[in-house]
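Have a look at the structure below before the remarks.
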Amino acid sequence: MNDLTPLPRDFYAQHATHVARQLLGATLVRRLPEGGLICAKIVETEAYSGLDDLASHGRARRTPRNLPMYGEPGHAYVYFVYGAHWLLNVVAEPIDSPAAVLIRAVEPLEGIEHIAARRNGRSPYEWTSGPARLTVALSITGVHNTLDMTTTAHGLWIAAGMLVPDSAVRTGARIGLGKRVTEPWLSMPWRWWIADNPYVSR
DNA sequence: CCGAGGATTATCT
DNA sequence: GATAATCCTCGGA
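FYI, the numbering for the first sequence is 154 to 355, going by the working numbering.
As structure tokens, then:
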């Protein structure tokens, strides 16, 4: 692999939409507690930002759950949905500005055997092509909530990886929003993905 | 291949 | 009490 130095806090302090775009091509790194390293290219992201964004957990005000979104950028925000799934976000924007970027899909680069051990019996393309799939694949759960991702200390961070040119980037509306979400937030093009990448979610 | 519906629980109203 | 930034299974074509 190339340089696995964690991205600095300044990177995450930018607007969530910018962070979401710039995270395409970056390398999500996971050092497993039992030993082993997994590296995966980020190929799909979504931005959630601001008090007005009806789709965002950070909307309106602080609650016990969304507190990390109001905190220091560069920390993990991991939450549980549908009684079944963990989803990984990285907090963006300065303290007190509620924002995060959801990591929706990754392309395995290294340590695929560790992923296979957990996601056996399916097509490899389905192992990490979805926000809840990739947390299973990389063994990410609620214990990672609020951890600092600008250091390697907690076994979960993001490195610069490879640059993705604008010509290879696509955007669209965010996926899976609840019925309470109305326009303009419903159609806000705050989802980013790498064109034609087979690991992007459906 | 495709669409519908169930799973299953933390969180907020 | 209702809902959810999803996934998987099952039934039908």
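The beta-carbon is built from N, C-alpha and C at its ideal position, and this holds for glycine as well.
On a predicted model such as this, the values are computed, not experimentally measured, just so you know.
Looking at 159, 175, 158, 160, the one whose alpha-carbon comes closest to that of residue 318 is 175.
Separation of residue 249 and residue 215 (C-alpha to C-alpha, rounded to the nearest whole angstrom) is 10 Å.
Residue 244 and residue 222 have their C-alpha atoms spaced approximately 6 Å apart. The segment 257-311 is shown to contain whole alpha helix (DSSP H) runs of 4 or more residues at 265-271, 284-290, in chain order. Taken atom to atom, the span from the alpha-carbon of residue 273 to that of residue 261 is near 15 Å. Residue pairing from DSSP leaves residue 164 without any beta-bridge partner.
Annotation: residue 333 is outside any alpha helix (DSSP H) and is labelled neither H nor E by DSSP.
The DSSP-derived three-state label of residue 171 is helix. Here residue 353 really is in contact with residue 282; their C-beta atoms are around 6 Å apart, less than 8 Å. The beta carbon of residue 350 sits closer than 7 Å to those of 196, 260, all from its chain and outside the five residues before and after it, given in chain order. CA-CA distance, residue 168 to residue 224, rounds to 14 Å. Between residue 164 and residue 313, the alpha-carbon positions lie close to 10 Å from each other. Annotation: residue 304 to residue 228 spans about 10 Å, alpha carbon to alpha carbon.
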